[in-house]
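Q: Just add 10 to wherever you are in the sequence shown, counting from 1, and you've got the numbering used here.
By construction, the Cβ of each residue, glycine as well, lies at the ideal position given by its N, Cα and C atoms.
Once you've had a glance at the structure underneath, I'll fire off some questions.
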Amino acid sequence: MQRTTTRDHPPVADPPAGRRRSVARTSSLRRGRSGADDHGTCRAAGATMFHVNPEPGAEIHHTDPFAVPTGQRSPARRLRGRLAAPVTLWTAPGPAGLTVSSTLVAEGEPDRLLGLIDPEADLWTAIEDAGRFAVAPLGPSHRQLADRFAGLFPSPGGLFATDAWTDTPYGPVPADAGSWAGCRLDTAREYGWALLVEATIETVEIVADTPPLLHHRGRYHQLP
């Protein structure tokens, strides 16, 4: 099985203003009040960000210090923010995990799964080492879990220290997940600022029909 990876490549330089990558780039939810919004703002869930003017007589403002000026915002990023996406948790033996909002399933023989993840995330190292990973769609009750694996919420003791988990050969999955898939890594390549991961679905477990957690315009949503 041939894999195309980026491990031996030098780090990619940060893009110019207006295209600055999030810590988890286009794949995860490490930007915004509850993830990555279409403007690239950065606020941890429930937190208030303050901008301090470095000039003499500095004033504190209730604005985001990481926000890109309106005229420099990437149209593609703004468009992406307007595409509602399911929130999933990817995990791998190690264990390692990452919140991912760019997961796609392609039916066929065999069935395939694709996603965009951060090539510098611990998750990618674990996937590359193990050659397999698990993907679990998250529900409305998993908002805090999604923030934690996106780096927006504290995780004392480690990402897997809290919540209940079910061990699988592909990685831990939330014990209350309605479904999950076990995937075998096929290939991975740089795609934009992210890493496009292609995998074969080897097993699917569907336990219950649960509503999805959605990500749109930098916030979590759920179906009415």
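Would you kindly report the start and end of the unbroken beta strand (DSSP E) that includes Arg122?
A: Element bounds for Arg122: Arg122 to Ile127.
Q: Give the C-beta separation of Gly192 and Val217 to the nearest angstrom, bearing in mind that I take them to be a contact with Cβ-Cβ under 8 Å.
A: With a Cβ gap of about 14 Å, Gly192 and Val217 do not count as contacting.
Q: Quick check on DSSP: helix, strand or coil for Pro96?
A: In the structure shown, Pro96 sits in a strand (DSSP, three-state: E or B).
Q: Going by C-alpha distance, which of Gly104, Pro105 and Ala94 is nearest Phe112?
A: In the sequence under discussion, the amino acid at residue 112 is Ser, which differs from the Phe named in the question. Here the closest residue by C-alpha is Ala94.
Q: How many angstroms separate the CA atom of Thr101 from the CA atom of Gly125?
A: When rounded, the distance between both Cα atoms is 13 Å.
Q: Have a look at Phe159, Val207 and Pro150 and flag the residue whose alpha-carbon is nearest the alpha-carbon of Pro129.
A: When only C-alpha atoms are compared, the closest one is Val207.
Q: Who does Thr197 pair with in a DSSP beta bridge?
A: DSSP output for Thr197 lists Glu208 as bridge partner(s).
Q: Only counting runs of 3 or more residues, tell me where the beta strand (DSSP E) segments fall wholly within the region 128 to 170, in order along the chain.
A: With a minimum length of 3 residues, the continuous beta strand (DSSP E) runs that stay inside the region 128 to 170 are 142 to 147.
Q: Can you tell me whether DSSP reads Ala106 as helix, strand or coil?
A: It is a strand residue.
Q: May I ask which residues mark the beginning and end of the beta strand (DSSP E) holding Leu114?
A: Thr113 to Ala116 is the extent of the beta strand (DSSP E) around Leu114.
Q: Roughly how many angstroms lie between the CA atoms of Arg194 and Gly118, to the nearest whole one?
A: Answer to the nearest angstrom: the Cα atoms are 15 Å apart.
Q: When the distance is taken between beta carbons, is Thr109 closer than 8 Å to Ala144?
A: The answer is no: Cβ separation not under 8 Å.
Q: Whose C-alpha, out of Leu123, Thr98, Ala131 and Arg92, is nearest the C-alpha of Trp203?
A: That would be Ala131, whose Cα lies nearest to the Cα of Trp203.
Q: Once the 5 residues before and after Asp196 are set aside, which same chain residues still bring their CB inside 7 Å of it?
A: The answer, listed in chain order, is Met11, Glu208, Ala209 and Thr210.
Q: Tell me which residues share the same chain as Asp177 and place their Cβ nearer than 6 Å to its Cβ, disregarding the 5 neighbours each side in the sequence.
A: Closer than 6 Å at the Cβ level, and outside the excluded window around Asp177, lies no residue.
Q: Can you give me the start and stop residues for the beta strand (DSSP E) that Arg229 sits inside?
A: That run of the beta strand (DSSP E) goes Arg229 to Gln232.
Q: Does DSSP put Pro85 in a helix, a strand or coil?
A: DSSP places Pro85 in helix when its eight states are reduced to three.
Q: Once you ignore the five residues that flank Gly141 on each side, which residues in its own chain have a CB closer than 6 Å to its CB?
A: Only Leu195 meet the Cβ criterion.
Q: Helix or strand or just coil, what does DSSP make of Gly192?
A: Strand, per DSSP.
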